[in-house]
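If you use numbering that gives the first Met the number 0, the sequence shown corresponds to residues 0 to 402, in order.
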Amino acid sequence: MKAQNYIYFLGSFYNTEILKYPNLPNVILTMKTRTYIIFLSSVLFLVYPLLTAFNNDTTKPFVIVLDAGHGGHDTGNVGNGYREKEIALNIVLQVGKILEKEPNIKVIYTRKDDSFIELFERGAIANRADADLFVSVHCNAHSSQAYGTETFVLGLHANKRNLEVAKKENEVIFLEENYQENYAGYDPNNPASFIGLTLMQEEYLDQSIMLAGLVQNNFTNKLKRKDRSVKQAGFIVLHQSYMPSVLIETGFLTNKSEGAYLNSKKGQREMSESIAEAILNYKKNISLATTNSQNPIITEEEINEAIEGTEEKIYKDVTFKVQLAASSKKLDTKPYNFKGLKELSRNEEGGLYKYYYGETSDYNKIQLMKTYASEKGYPSCFIVAFKNGKKVKLSEVLKEEDQ
């Protein structure tokens with residue numbers, strides 16, 4: 000009889016002395032038999048979870064978030080009449096189809112149709128999934144007949160060309176509602192917006208570069224595409240994700256030949272196969288690494304060093320804080336209640352206790368503190384502003400100061 004039947008038997012035993020077994024006649028139990036069965040059933044009840052555990056694979060899957068650039072009313076570039084949003088989506092869906100055939104891999108898409116997904120939300124999708132990898136796919140454009148593939152990792156713009164590529168991709172934020180709240184203080188046209196904000200991704204930089212290199216090698220060696228190399232630039236969609244992340248520019252739609260290739264079924268199939276193979280090779284390589292290198296941790300000392308090395312951006316008469324949580328429960332503002340974070344405070348607002356980390360007029364500092372809070376286990380934390388002791392809209396504070 001199966002373990003489940005024994006457990007059912009135990010539950011029903013106290014209601015009747017005659018039990019019906021499948022395919023067996025009724026059995027009337029004596030006191031001795033009843034005692035024995037109670038003992039046996041109790042043992043099975045205790046070990047049943049252990050017995051069933053052997054049938055369940057509890058290994059965490061390798062989670063890959065695939066991001067097709069643009070979508071919806073954001074068409075991306077339309078060089079030679081081709082639509083970046085459609086080509087990127089076709090490639091991403093084919094990459095996912097290949098990866099989903101592999102054991103212990105989970106694929107998550109930021110979009111699977113012609114939807115507009117905010118840049119802010121794309122990174123949040125990956126963070127909520129605790130993803131191991133974030134891969135964003137795009138198509139390039141230029142006023143010349145430039146051609147070739149390039150793969151970006153997050154970093155400060157190394158040159159003017161990288162800045163221009165990043166600005167082009169980042170300006171989509173202006174198509175989003177409430178972009179001033181989601182990207183408070185960020186100006187796509189100002190490279191200084193990224194200073195001090197890349198700390199989290201720098202922890203994963205080596206891994207991101209590894210994947211970017213594998214992607215470019217496949218494009219160059221297998222598909223004979225022109226190699227424009229692995230580069231660094233400040234893409235918001237990469238900054239929002241807290242894991243190894245790359246942004247792939249599969250080629251230039253504005254180039255007559257390359258645009259036609261990327262718009263073709265053959266081109267999209269070959270690009271997707273090369274990207275998927277690179278991801279699988281990356282997974283094999285990273286599985287050989289140590290736990291610490293797979294999951295780097297930002298230390299308090301690193302945050303303090305970053306704050307000291309970052310230019311101050313002071314807002315007079317304004318106090319910034321990082322809101323960690325809101326609860327009806329009153330907690331002591333001690334590090335042991337907030338994952339080791341210090342500089343804690345608590346306010347009662349509207350019947351809830353709101354818990355904050357940090358207190359400064361330096362907006363650059365509070366952004367770094369928000370990054371650290373996210374790393375410590377508060378991925379949904381956000382920055383709030385107070386003026387003369389009253390909470391005010393962050394976007395309004397930043398807008399007033401910039402005028």
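The beta carbon of each residue, even a glycine, is placed where N, CA and C say it ideally should be.
request  = Indicate whether the contact test is met: 3 or more Cβ pairs, each with one atom in the segment 104 to 118 and one in the segment 354 to 373, closer than 8 Å.
outcome  = no
ask   = Which residues in the same chain have their Cβ closer than 7 Å to the Cβ of ILE116, if we skip the five residues on either side of it in sequence?
value = GLY70, THR109, ARG110
ask   = From GLY184 to LEU397, what does the alpha carbon distance come to, in whole angstroms?
value = Per-residue confidence for GLY184 stands at a pLDDT of 46, beneath the threshold of 50, marking its modelled position as unreliable; the derived number appears in the next sentence. Spanning the two alpha carbons is a distance of roughly 6 Å.
Simplified DSSP assignment, three categories, for ARG127 = helix
task = List the residues that DSSP assigns as beta-bridge partners of THR253.
result = BP columns for THR253 are empty, so no partner.
request  = Pick helix, strand or coil for GLY121, following the three-state DSSP scheme.
outcome  = Residue 121 is actually Arg in this sequence, not Gly. It is helical.
query = If we ignore side chains and look at the alpha-carbon of each, how far apart do PRO48 and GLU300 end up?
reply = Because PRO48 carries a pLDDT of 48, less than 50, the predicted location of this residue cannot be relied on, and the following value inherits that uncertainty. Distance between the alpha carbons of PRO48 and GLU300: 44 Å.
inquiry  = Quick check on ASP226 - is its C-beta less than 8 Å from some C-beta in chain C?
reply    = Structure shown: chain C not included; a single protein chain is present.
inquiry  = On the CB-based measure, 16 or more other CB atoms within 10 Å of its CB, does VAL383 come out buried or exposed?
reply    = buried
task = Give a yes or no on whether the C-beta atoms belonging to TYR281 and LEU323 are separated by under 8 Å.
result = no
inquiry  = Can you check which of these residues, LEU88, PRO378, MET270, is closest to ALA128 by C-alpha distance?
reply    = PRO378
inquiry  = Using the three-state DSSP reduction, which class does LYS166 fall into: helix, strand or coil?
reply    = Low local confidence applies: a pLDDT of 46 at LYS166 is under 50, so the model's placement there is unreliable, with the coordinate-based value given in what follows. In this structure, LYS166 counts as helix in the three-state DSSP scheme.
task = Could you tell me the distance, in whole angstroms, from the CA atom of GLU101 to the CA atom of TYR352?
result = 46 Å
key: Neighbourhood of ILE306 by C-beta distance below 6 Å, restricted to the same chain and skipping five residues each side   = LYS364, LEU367
message = Quick check: what's the CA-CA separation for THR51 versus PHE61?
response = Caution is warranted here: a pLDDT of 45 is assigned to THR51, below 50, making its placement in the model unreliable, and the coordinate value is therefore given only provisionally. So the alpha carbons of these two residues sit roughly 24 Å apart.
inquiry  = Rounded to the nearest angstrom, what separates GLN93 and LYS338 at their Cα positions?
reply    = 40 Å
ask   = Considering only residues of the segment 80 to 122, which uninterrupted alpha helix (DSSP H) runs meet the minimum length of 4 residues and lie entirely inside it, listed in chain order?
value = 83 to 98
query = In angstroms, rounded to a whole number, what distance separates the CA positions of PHE218 and PHE381?
reply = 39 Å
key: Exposure of ASP316, with buried meaning 16 or more beta-carbon neighbours within 10 Å   = exposed
key: Reference LYS230; option with closest CA among LYS333, GLU149, VAL214   = GLU149
inquiry  = Helix, strand or coil, according to DSSP, for SER273 in the structure here?
reply    = helix
query = Do you know whose CA, among VAL134, GLU395, VAL214, lies nearest TYR314's CA?
reply = GLU395
query = Are the beta-carbon atoms belonging to ILE278 and LEU132 less than 8 Å from one another?
reply = yes
ask   = Is the beta carbon of LEU261 less than 8 Å from the beta carbon of TYR81?
value = yes
inquiry  = For ALA324, list the residues DSSP reports as bridge partners.
reply    = TYR354
inquiry  = I'd like to know whether the C-beta atoms of ILE90 and VAL136 end up nearer to each other than 8 Å.
reply    = yes
ask   = What's the gap between the Cα of THR332 and the Cα of GLU347?
value = 13 Å
query = Between the C-alpha atoms of LYS223 and GLY147, what's the straight-line distance to the nearest angstrom?
reply = 10 Å
request  = Out of TYR203, LYS283, ASN139, point me to the one whose CA is closest to GLY68's CA.
outcome  = ASN139
task = Using 10 angstroms around the beta-carbon of GLU310, count the other beta-carbons present and answer buried if the total reaches 16, otherwise exposed.
result = exposed
message = Just to confirm before moving on: does the CB-CB distance between LYS312 and TYR362 stay below 8 Å?
response = yes
inquiry  = For ASP113, which residues in the same chain have their Cβ closer than 8 Å to its Cβ, ignoring the five residues on either side in sequence?
reply    = GLY70, GLY71, LYS84, GLU85, LEU88
ask   = Thinking C-alpha only, which one of LEU204, GLN144, LYS105, ALA372 is nearest SER251?
value = Ser is not the amino acid found at residue 251; the sequence shown has Phe there. Per the Cα distances, GLN144.
ask   = To the nearest angstrom, how far is it from the Cα of GLY122 to the Cα of THR370?
value = 14 Å
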